[in-house]
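These notes concern the structure reproduced below.
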Amino acid sequence: MAEAVDYKAIGTSPVRPDGVDKVTGRAQYGADLNLPGQIYGKVLRSPHAHARILKIDTSRALALPGVYGVITGQDFPEAEGGEIGGEGGGDVSDLAKNIMARDKVLYHGHAVAAVAAKSLSVAQAALDAISVEYEVLAPVLDLESAMAPGATLIDPSCFTKNLPEKPTAPSNIAAVMKLGRGNVEEGFAQADVIVEGEYRIPMAHQGYIEPHACIASCNEQGQATVWCCTQGHFEFRAMTAKVLRMHIADLKFIASEIGGGFGGKTVIYLEPLAVMLSRKSRRPVKMAMTREEVFRATGPTSGTLARIRVGARKDGTLTAATAWLAYEAGAYAGAPMGPGAMTVFAPYILPNFAVEAFDVLLNKPKVAAYRAPGAPQSMYAMECAMDELAERLGMDPIDLRLKNAAEEGTQAPYGPKFPAIGLKACLNAAKAHPNYTRPLPAGAGRGMAVGFWFNVGMQSSAEVHINEDGTVTIVEGSPDIGGSRASMALMASETLGIPYERIKVIIGDTESAGFSNVTGGSRTTFATGMAVIRACEDIIAQCKSRAASTWGIDADQVDWRDGAAIPAPGVNAALKPLALADIAAGAPKTGGPLLGRASLNAQGAGAGFSVNLADIRVDPETGKVDVLSFTAIQDAGKAIHPAYVEGQMQGGAVQGLGWALNEEYIYDANGVMQNAGFLDYRMPVASDLPMIDTVIVEVPNPTHPYGVRGVGETPIVAPLATAANAVSRATGVRMRDLPLSPPRVLEALEAAGR
Amino acid sequence: MVLPEHLLHLTGGQRVLDIAAENVRDLVLELEERHPGLRAALGRAAVAIDGQIFQDAFLEAIGPDSEVFFLPRIEGG
Chain A
12 MAEAVDYKAI
22 GTSPVRPDGV
32 DKVTGRAQYG
42 ADLNLPGQIY
52 GKVLRSPHAH
62 ARILKIDTSR
72 ALALPGVYGV
82 ITGQDFPEAE
92 GGEIGGEGGG
102 DVSDLAKNIM
112 ARDKVLYHGH
122 AVAAVAAKSL
132 SVAQAALDAI
142 SVEYEVLAPV
152 LDLESAMAPG
162 ATLIDPSCFT
172 KNLPEKPTAP
182 SNIAAVMKLG
192 RGNVEEGFAQ
202 ADVIVEGEYR
212 IPMAHQGYIE
222 PHACIASCNE
232 QGQATVWCCT
242 QGHFEFRAMT
252 AKVLRMHIAD
262 LKFIASEIGG
272 GFGGKTVIYL
282 EPLAVMLSRK
292 SRRPVKMAMT
302 REEVFRATGP
312 TSGTLARIRV
322 GARKDGTLTA
332 ATAWLAYEAG
342 AYAGAPMGPG
352 AMTVFAPYIL
362 PNFAVEAFDV
372 LLNKPKVAAY
382 RAPGAPQSMY
392 AMECAMDELA
402 ERLGMDPIDL
412 RLKNAAEEGT
422 QAPYGPKFPA
432 IGLKACLNAA
442 KAHPNYTRPL
452 PAGAGRGMAV
462 GFWFNVGMQS
472 SAEVHINEDG
482 TVTIVEGSPD
492 IGGSRASMAL
502 MASETLGIPY
512 ERIKVIIGDT
522 ESAGFSNVTG
532 GSRTTFATGM
542 AVIRACEDII
552 AQCKSRAAST
562 WGIDADQVDW
572 RDGAAIPAPG
582 VNAALKPLAL
592 ADIAAGAPKT
602 GGPLLGRASL
612 NAQGAGAGFS
622 VNLADIRVDP
632 ETGKVDVLSF
642 TAIQDAGKAI
652 HPAYVEGQMQ
662 GGAVQGLGWA
672 LNEEYIYDAN
682 GVMQNAGFLD
692 YRMPVASDLP
702 MIDTVIVEVP
712 NPTHPYGVRG
722 VGETPIVAPL
732 ATAANAVSRA
742 TGVRMRDLPL
752 SPPRVLEALE
762 AAGR
Chain B
280 MVLPEHLLHL
290 TGGQRVLDIA
300 AENVRDLVLE
310 LEERHPGLRA
320 ALGRAAVAID
330 GQIFQDAFLE
340 AIGPDSEVFF
350 LPRIEGG
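Residue numbers (our numbering), protein chains in the order written: chain A, 12 to 765; chain B, 280 to 356.
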């Protein structure tokens, strides 16, 4: 492992290679591609949150001039059961039914039919001409109602999983998870102070700017090519193949540029519909969602109800904690309650704890991954409780965390012992930061909280092509969301010893790049980066061999330094170094083109910790909250491209603050979302927030050649509690329910008599 | 090695097992031998060996004193 190494390329921040095309409008996003003869697909969506489909009549739509095809649930092959596979799992049958309802609609906006027509206006007219008869059922819209005995069932075949025995009756609780250690009762008996509280975190959307879009073209042999915006075209291909019962080899997926995903573009919605409509119409079919469709029918993240109890001795030593966590799954099972349960106490040494988590069905859209799925909700509750504990103990909140902080060798609550981690380093950096020690502005409160995420590795492939002039083309399969082309090029530059500018990184389609899992789980710079490094090492080995044959010596007598083959120490020193360009020029005579490859399943993704600080002022008359300063501190292992690591930290901070301060799904009594647009679903914009200060801590991950840890997800975890703790300290009223929008803050102040 | 809570009904409540195995493949085979049904129940669980988490472990080596945990597979956004 390279530690304390004087790198040449790594740690610099060159401009991303895709940047100019993105800011000049030249880059092609999901809805930018047009094919000759294309027609347009649109989706008919349920007006009810919960209803049985009695009859769908599409005859009037099909009779309209310019309509080329209509599909409903009846056109799909019978949904296959079993795991989806790929990054997150889930059930294929649920995935298929979420894309197009079969016998029941389970949320307002659930797809019931789709049409393909010569124009969008004809497609809309065709949707208007489809008649659907429903038997409307009572919607289930909140966790307490869904979990109550005798609740209306979303899915009568849902029996709670992970119990010792199958329950005798179905329920809306799809699964439970329990974790524990020690004796909680004894632990609480040892405590001098115990705090407990109930916390609500609302359902929120990932809020990517680019709506889902694709275009599919099916040929007469039934093979299809799909262009789409996705976090992972290989997994989209596999999911589409499973839903449509096609061979993977008959589907080709090409990833466009992507205007944000944050986990929400790891699952398919439109792609199988476009393939089916193209198959029916024998024309390319283009589909793009409106913003309203994105809100109503694509994956938000779970609203959550969390109950936390924590006990500590007078000196701050934690003695016991319990967590009860209920996560909204939406219409189908799969809420991130597992990661939520495993992260809730992850930062702390806890001898006695118990966690119980629930995956709960309701009549809301099926949730999808959102940056560190599950962790922001559970850790919000725990980090608020820790702040309250610090106040009760009269301790500095950072000191309380330092007193109990996990470190290398600590048994994590989810099982294994932590390898080298950067929690204490982040806490110490926070304590030393001027934003923590400077005088508090009038009317403001200062909050802090800790964040954690596991990060993952998974499968990646890379090819390194040495061009005839010694420039390099890297082909890999991870869609570039956060600047990964730049980080790949930097790692290749460092490994090969050639300038960054001579390396071009492209994202190959499913037929021209080796398999890669999604860009998700904070894995791309870690895992795909590892594949790029290994492929570069393959090239170096080949170049040494070519140089050896050129010089007439053995390959083990050749070294590689600064982008050139050189004779090893003690070997004929008169031999002049052969640069990569020299070896490329001579390649026809030494064995042909130079192509390096690596495919791997990267293991040992290092866990990421963060600490956030914020000064927040509250207007007691209006309840308006102003963030005066925000500081994000995070262990990146090794920042390959520091400016883009900072970008991840700042972006995650802003998303987390949006969730904390304003974002929420607001439903009426019928289960219709009332704020399905950016005017009413209020995400923060640049003018709402100060510059987010950043501190990159570097505790290298020993399993990565350059020490990389994933950095994409951890940043969203701590801002929620940081904001709530700052508001609580500013007002003297403990805030537990998010978002801290002006009406809710006023309500809390009034309830407390302030 | 240590099993997650929801699988303890397959081992008669036994959470910690002492098993000699050279790699994860052999460990899972031995678990299935002792507690039929455990292999299927583990499904796509992740495995932590001495603190390092493996999402798709199979031939990863296990030392004589290694600590092995099965835990739910981790997804991400």
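By construction, the Cβ of each residue, glycine as well, lies at the ideal position given by its N, Cα and C atoms.
If you measure between the beta carbons of residue i and residue j, is that distance less than 8 Å?
i, j, result
"G721/A", "Q334/B", "no"
"A60/A", "E303/A", "no"
"F769/A", "N466/A", "Nothing can be reported for residue 769/A: it is not among the residues displayed for chain A, which extend from 12 to 765."
"A127/A", "G52/A", "yes"
"T612/A", "Q470/A", "Note on residue identity: the sequence assigns Asn, not Thr, to residue 612/A. Cβ distance < 8 Å, so N612/A and Q470/A count as in contact."
"Y210/A", "Y391/A", "yes"
"L411/A", "L404/A", "yes"
"M353/A", "P424/A", "yes"
"K189/A", "V366/A", "yes"
"R213/A", "G314/A", "It is Pro, not Arg, that sits at residue 213/A in the sequence shown. For P213/A and G314/A, yes; Cβs fall inside 8 Å."
"I707/A", "A664/A", "no"
"H652/A", "A497/A", "yes"
"P427/A", "A340/B", "no"
"V629/A", "P701/A", "no"
"F273/A", "R382/A", "yes"
"A590/A", "D480/A", "no"
"A331/A", "V204/A", "no"
Examine chain D for any beta-carbon lying closer than 8 Å to the beta-carbon of residue i, and answer yes or no.
i, result
"E354/B", "Of the protein chains in the structure, A and B, none is chain D."
By Cβ distance below 7 Å, which residues in the same chain neighbour residue i in space, the five residues on each side in sequence not counted?
i, result
"A396/A", "V206, G208, I319, V321"
"G648/A", "G617, E709, V710, P711, N712, H715, G718, V719, R720"
"I409/A", "L438, A441, K442, M459"
"C547/A", "V475, A503, T506, L507, G607"
"R248/A", "I259, L262, F264, T521"
Tell me the rounded alpha-carbon separation between residue i and residue j.
i, j, result
"L624/A", "A340/A", "31 Å"
"V78/A", "Q135/A", "10 Å"
"T309/A", "E724/A", "20 Å"
"D114/A", "I82/A", "14 Å"
"D567/A", "A227/A", "51 Å"
"E144/A", "Y678/A", "23 Å"
"G356/B", "A74/A", "43 Å"
"L55/A", "G330/B", "49 Å"
"P750/A", "S130/A", "41 Å"
"I517/A", "Y40/A", "15 Å"
"A598/A", "A552/A", "14 Å"
"A319/B", "F87/A", "30 Å"
"T307/A", "G682/A", "This sequence places Arg at residue 307/A; Thr is not what is there. Each residue's alpha carbon lies about 11 Å from the other."
"A124/A", "M298/A", "13 Å"
"I492/A", "G243/A", "11 Å"
"M12/A", "G508/A", "At M12/A the pLDDT is 41, less than 50, meaning the model places this residue with poor confidence and gives no usable figure here."
"V305/A", "G271/A", "13 Å"
Grab me the residues of residue i's own chain with a C-beta within less than 8 Å of its C-beta, minus the 5 sequence neighbours each way, in chain order.
i, result
"V371/A", "L154, A157, M158, N183, I184, A185, A337, Y338, E339, A340, A346"
"A654/A", "S24"
"K515/A", "P28, T482, V483, T484, I485, A500"
"Q685/A", "I677, Y678, D679, D691"
Cutting at 6 Å between CB atoms, please list the residues of its own chain near residue i, excluding the five before and the five after it.
i, result
"I544/A", "M502, T506, P716"
"P343/B", "none"
"G669/A", "M694, P695"
"E14/A", "Any reading at E14/A needs caution, since the residue's pLDDT is 49, under 50, leaving its predicted position unreliable; the model's value is listed next. Excluding sequence neighbours, E14/A sits near P711."
"I337/B", "Before going on, a small fix: residue 337/B reads as Phe here, not Ile. So the qualifying residues of the chain are V303, R304."
"A20/A", "L501, S504, E505, Y511"
"G433/A", "F620, D646, V708, V710"
>> Check whether the stretch 323-336 of chain A and the stretch 281-299 of chain A are in contact - that is, three or more C-beta pairs closer than 8 Å.
In response: No: fewer than three Cβ pairs fall under 8 Å.
> With a cut-off of 8 Å, do at least 3 Cβ pairs link the stretch 469-483 of chain A to the stretch 745-753 of chain A?
Replying inline: Between the stretch 469-483 of chain A and the stretch 745-753 of chain A there are fewer than three inter-stretch CB-CB distances shorter than 8 Å, so the stretches are not counted as touching.
>> Count Cβ pairs between the stretch 160-177 of chain A and the stretch 275-286 of chain A that sit closer than 8 Å; are there 3 or more?
In response: Pairwise C-beta distances place the stretch 160-177 of chain A out of contact with the stretch 275-286 of chain A, as fewer than three of them are shorter than 8 Å.
>> At a CB distance below 7 Å, what residues from the stretch 295-316 of chain B approach chain A? Give them in sequence order.
In response: The residues in question: there are none.
> When the Cβ atoms of the stretch 521-540 of chain A are set against those of the stretch 595-604 of chain A, are three or more pairs found closer than 8 Å?
Replying inline: Between the stretch 521-540 of chain A and the stretch 595-604 of chain A there are fewer than three inter-stretch CB-CB distances shorter than 8 Å, so the stretches are not counted as touching.
> When Cβ atoms are compared, which residues of the stretch 371-387 of chain A fall closer than 7 Å to chain B?
Replying inline: Per Cβ criterion, the list reads A380, Y381, R382, A383, P384.
>> Residues of the stretch 410-439 of chain A in Cβ contact with chain B at a cutoff of 7 Å, in chain order, please.
In response: Using a CB distance below 7 Å, the part of the stretch 410-439 of chain A facing chain B consists of Y425, G426, P427, K428, F429, P430, ordered along the chain.
>> Please list, in chain order, the residues of the stretch 331-352 of chain B that have any C-beta partner in chain A closer than 9 Å.
In response: Here the close residues are Q331, I332, F333, Q334, D335, A336, E339, E346, V347, F348, F349, L350, P351, R352.
> For the stretch 525-546 of chain A, which residues have a beta carbon sitting closer than 9 Å to at least one beta carbon of chain B?
Replying inline: For the stretch 525-546 of chain A, which is checked against every Cβ of chain B, the residues closer than 9 Å are V529, G531, G532, S533, R534.
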